[in-house]
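With this note's numbering, letter number 51 in the sequence shown gets 179, and the count goes up by one each step, no holes.
From the three backbone atoms N, C-alpha and C, an ideal C-beta is built for every residue, glycine too.
Below is one structure, written out as structure tokens; the observations come after it.
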Amino acid sequence: KGLISLEGQPLFLSTSLGGWSVGLKPIAEDVMEVWFGRLLLGQVDLATRNFIRADIRPNKTAKKTEKV
129 KGLISLEGQP
139 LFLSTSLGGW
149 SVGLKPIAED
159 VMEVWFGRLL
169 LGQVDLATRN
179 FIRADIRPNK
189 TAKKTEKV
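So, in structure tokens, the structure goes:
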């Protein structure tokens with residue numbers, strides 16, 4: 129189903145994660161990172177119960193370097 133139980137309440141992440149385990153890592157008072165193995169999926173804001181997905185293009189702002 130893609131749901132996790134957080135503080136006794138269901139929170140939808142993704143149907144793709146149905147049946148799989150994810151890890152939760154607290155990073156601030158009301159924020160937890162959501163991990164699937166070594167892949168950061170995003171963060172959960174506990175105050176609003178929103179899941180904010182991680183940037184799928186982490187190097188999008190990185191400048192390309194020229195080969196010399």
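Q. To the nearest whole angstrom, what separates the beta carbons of M160 and L145, a pair I think is in contact under 8 Å?
A. Not really, about 15 Å apart at Cβ, beyond 8 Å.
Worksheet item: Is the CB-CB distance between L152 and F179 below 8 Å?
Response: No, Cβ-Cβ distance for L152 and F179 is not below 8 Å.
| query | Between L139 and the rest of its own chain, which residues show a CB-CB distance below 8 Å, the 5 nearest in sequence each way excluded? | reply | The beta carbon of L139 sits closer than 8 Å to those of L131, I132, S133, V172, R177, F179, all from its chain and outside the five residues before and after it, given in chain order.
Which whole-angstrom value describes the C-beta separation of R181 and L167, a residue pair presumed to lie in contact below a C-beta threshold of 8 Å?
-> The pair is not a contact, with the Cβ atoms about 11 Å apart (cut-off 8 Å).
Alpha-carbon to alpha-carbon, I184 and T143: Between the C-alpha atoms of T143 and I184 there is a straight-line separation of about 17 Å.
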